[in-house]
Amino acid sequence: MRHQLLYADAASRPERPSTRPPLRGVAPAELSWLRTRFKGEIVLPADAAYATAREGFNPRYDPHPAAVLSPHDAADLRIALALVQRTGLPVAVRGGGHSLTGRSNTDGIVIDMVHFQSIAIDGTTATVGAGCRQGPLRQALQEKHLHLPMGDSGQVAIGGFMQGGGYGHTARCFGMNSDHVTAVTVMLADGRIVHADARRNADLFWATRGGAGGGFGVLLEITYRFHAAPRLAYDSLVWRAQTDAERASAAAVIAMVERDFTGTGAPGTSVEMLLTFGAPGHEGPWLFLNAAHLGNARGLTHALAPLVAAAPPFAGYDEAWNGHHDATHALSRQARYLNRSPGLDGWRALVEVVATGAAHRATLYLHPHGDAIDAVPREASAFIHRTASCLVAQDVFWPAAEAGDDALALQRRWAGLVRPYSAGRVYQNFPNDELADYREAYWGEAFPALLAVRRKYDPVFFFAGKQDVSPHPDRGEPPALWPPHVADALARPIMA
Ligand SMILES: Cc1cc2nc3c(=O)[nH]c(=O)nc-3n(C[C@H](O)[C@H](O)[C@H](O)COP(=O)(O)OP(=O)(O)OC[C@H]3O[C@@H](n4cnc5c(N)ncnc54)[C@H](O)[C@@H]3O)c2cc1C
């Protein structure tokens, strides 16, 4: 059995009524131009479907797009991009709409990739449409006994997930999702389709795996290689973290996981942890651990034995007790990669802020790194967080109609507590608008090359969006010298 925080999916959300018109609509003449060419769906503010079509995952963001366009194919997508050119409106590309900071939303034109969900499996490789949701992809792979590290939510789209790196439950066993990509196909702003792999347009290939999407072009397809029929054992453990003593014990378990299941510890074993509230009537917090092991159940039991001995898990846990995210609540996540251990006292303090934040449904994630993640060279892709011991993340929630000041204050306190143990690097799939320097936090020394790739493939910054790959307002642009193979590829023209 696997435990997870249950998020409401888009289909079960209450509609949020539109309270203001878009900043600028699409002019009638442009709409007529579009309607005679475009085969996909066009949703405008006056349409009944607008209330649902305009939304992203996080109700903290309240976009009012001038139009939401869902192209049926590449030719349609080209027309949608041409409309953006003609109107001069901003554009955002939407995969599954699960950006935590509303990055796939805009008050201009949203291009929704919902129809790009093809899955074509051939042996141990497959080409997958960028809008494909993880749920159907996981199902298709399971039927063929193939494995690819993927995240927990079936609704997250592979295009957005992979471009940020893509951490899955089995990442320590096999690496990041993006480490399994062998080629991508991208439509540039002018409608050209380019293929990128290790040889062709190698700079774009490098940038799409970690560059976090939206900045180079529209990702159409991803080609993966999979693991064939790996022998994997899974298990879950749960501890209650309600009383003082239980929380001290939970902190000790987390400290053990950090010590024994990161870096080169426990090879072939992936664990992820979640400290979260319980469902109404089953108050927690609860500390969950999901484990995957390359091998059999006995091997996994052996790997987990020291944890179980140190803090006996809670018996008789019922899945229905798991915390539910209320879809009317806004969410903020702060994440940090750790490169120094907080030790027992540090973990105790980090756990305590979460546990006492019940009013804000505060939640703590631990994603251990190392093993197969670190086996991939740092320069292989724009996902550079290879040597961190683990990623910790904290969520807070508040009613979307409110400002969330108290919840955000609690989160800032938590971020202050974690600061001594982190160099400030942040997982680009867990973005936060409050970061002082997101370029450094998400991409570090990869940033100059990412910016050069952007200038080559999207020279007019057509796909401009928040926290995108764009020049720092107060700094010059250092030369893109690293990694060398990207610097070489940058010197070559775009290959059609
Ligand atoms: C419930 C939930 C569970 C999650 N679980 C995990 C997890 O287990 N592991 C993990 O690593 N992350 C996880 N995430 C984070 C998730 O990976 C990111 O939010 C990801 O960016 C979402 O992708 P999306 O396409 O669904 O979102 P969107 O909001 O549609 O897109 C995210 C970004 O990618 C861009 N983008 C999307 N599609 C394309 C495209 N075809 N071409 C160009 N740009 C595109 C968008 O413009 C935007 O900037 C989770 C998030 C949520 C909300």
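Sequential numbering from 0 applies to the sequence shown in numbering that gives the first Met the number 0.
Quick reminder that beta carbons are idealized off the backbone N, C-alpha and C, glycines included.
heavy atom of ligand 1 below 7 Å from residue i C-beta
{"i": "residue 97", "result": "yes"}
{"i": "residue 428", "result": "yes"}
{"i": "residue 381", "result": "no"}
{"i": "residue 391", "result": "no"}
{"i": "residue 56", "result": "yes"}
{"i": "residue 163", "result": "yes"}
{"i": "residue 112", "result": "yes"}
{"i": "residue 277", "result": "no"}
{"i": "residue 502", "result": "This structure does not reach residue 502, given that the chain is present from 0 up to 495, and the question cannot be answered."}
{"i": "residue 91", "result": "yes"}
{"i": "residue 217", "result": "yes"}
{"i": "residue 130", "result": "yes"}
{"i": "residue 151", "result": "yes"}
{"i": "residue 206", "result": "no"}
{"i": "residue 166", "result": "yes"}
{"i": "residue 335", "result": "no"}
{"i": "residue 331", "result": "no"}
{"i": "residue 156", "result": "yes"}
{"i": "residue 103", "result": "yes"}
Residue i and residue j closer than 8 Å at C-beta
{"i": "residue 207", "j": "residue 195", "result": "yes"}
{"i": "residue 67", "j": "residue 111", "result": "yes"}
{"i": "residue 299", "j": "residue 234", "result": "yes"}
{"i": "residue 386", "j": "residue 273", "result": "no"}
{"i": "residue 461", "j": "residue 175", "result": "no"}
{"i": "residue 160", "j": "residue 96", "result": "no"}
{"i": "residue 221", "j": "residue 127", "result": "yes"}
{"i": "residue 338", "j": "residue 388", "result": "yes"}
{"i": "residue 370", "j": "residue 263", "result": "yes"}
{"i": "residue 227", "j": "residue 145", "result": "yes"}
Residue i to residue j span [Cα, whole Å]
{"i": "residue 450", "j": "residue 442", "result": "11 Å"}
{"i": "residue 252", "j": "residue 288", "result": "10 Å"}
{"i": "residue 497", "j": "residue 481", "result": "The first residue shown for the chain is 0 and the last is 495, placing residue 497 beyond what the model contains."}
{"i": "residue 232", "j": "residue 271", "result": "14 Å"}
{"i": "residue 104", "j": "residue 165", "result": "21 Å"}
{"i": "residue 200", "j": "residue 250", "result": "47 Å"}
{"i": "residue 40", "j": "residue 71", "result": "8 Å"}
{"i": "residue 347", "j": "residue 98", "result": "30 Å"}
{"i": "residue 269", "j": "residue 32", "result": "53 Å"}
{"i": "residue 261", "j": "residue 470", "result": "35 Å"}
{"i": "residue 129", "j": "residue 244", "result": "47 Å"}
{"i": "residue 396", "j": "residue 352", "result": "14 Å"}
{"i": "residue 218", "j": "residue 30", "result": "25 Å"}
{"i": "residue 38", "j": "residue 81", "result": "14 Å"}
{"i": "residue 454", "j": "residue 410", "result": "36 Å"}
{"i": "residue 456", "j": "residue 133", "result": "28 Å"}
{"i": "residue 24", "j": "residue 65", "result": "5 Å"}
Residue i, DSSP secondary structure in three states
{"i": "residue 415", "result": "helix"}
{"i": "residue 284", "result": "coil"}
{"i": "residue 289", "result": "strand"}
{"i": "residue 433", "result": "coil"}
{"i": "residue 377", "result": "helix"}
{"i": "residue 446", "result": "helix"}
{"i": "residue 172", "result": "helix"}
{"i": "residue 177", "result": "helix"}
{"i": "residue 31", "result": "helix"}
{"i": "residue 78", "result": "helix"}
{"i": "residue 4", "result": "Its pLDDT being 48, under 50, residue 4 is placed unreliably by the model, and nothing is read from it."}
{"i": "residue 493", "result": "coil"}
{"i": "residue 242", "result": "coil"}
{"i": "residue 224", "result": "strand"}
{"i": "residue 233", "result": "strand"}
{"i": "residue 161", "result": "helix"}
{"i": "residue 194", "result": "strand"}
{"i": "residue 9", "result": "Only weak support is given to the placement of residue 9: the predicted model assigns it a pLDDT of 47, under 50, and the value that follows is read from those uncertain coordinates. Three-state result, residue 9: helix."}
{"i": "residue 394", "result": "strand"}
{"i": "residue 344", "result": "helix"}
{"i": "residue 125", "result": "strand"}
{"i": "residue 268", "result": "strand"}
Assumed close pair residue i, residue j - CB separation to whole angstroms, cut-off 8 Å
{"i": "residue 431", "j": "residue 100", "result": "7 Å"}
{"i": "residue 131", "j": "residue 108", "result": "About 22 Å separates the two Cβ atoms, so there is no contact after all."}
{"i": "residue 225", "j": "residue 125", "result": "7 Å"}
{"i": "residue 468", "j": "residue 205", "result": "The Cβ separation is near 12 Å, so there is no contact."}
{"i": "residue 372", "j": "residue 230", "result": "No, residue 372 and residue 230 are not in contact; Cβ-Cβ is about 20 Å, not under 8 Å."}
{"i": "residue 414", "j": "residue 466", "result": "Contact doesn't hold; Cβ gap of about 17 Å is too wide."}
{"i": "residue 354", "j": "residue 284", "result": "5 Å"}
{"i": "residue 148", "j": "residue 167", "result": "3 Å"}
{"i": "residue 61", "j": "residue 488", "result": "Contact flag wrong, Cβ pair sits at about 40 Å."}
Chain C contact for residue i (CB, 8 Å cutoff)
{"i": "residue 183", "result": "Protein chains in the displayed structure number just one, and chain C is not present."}
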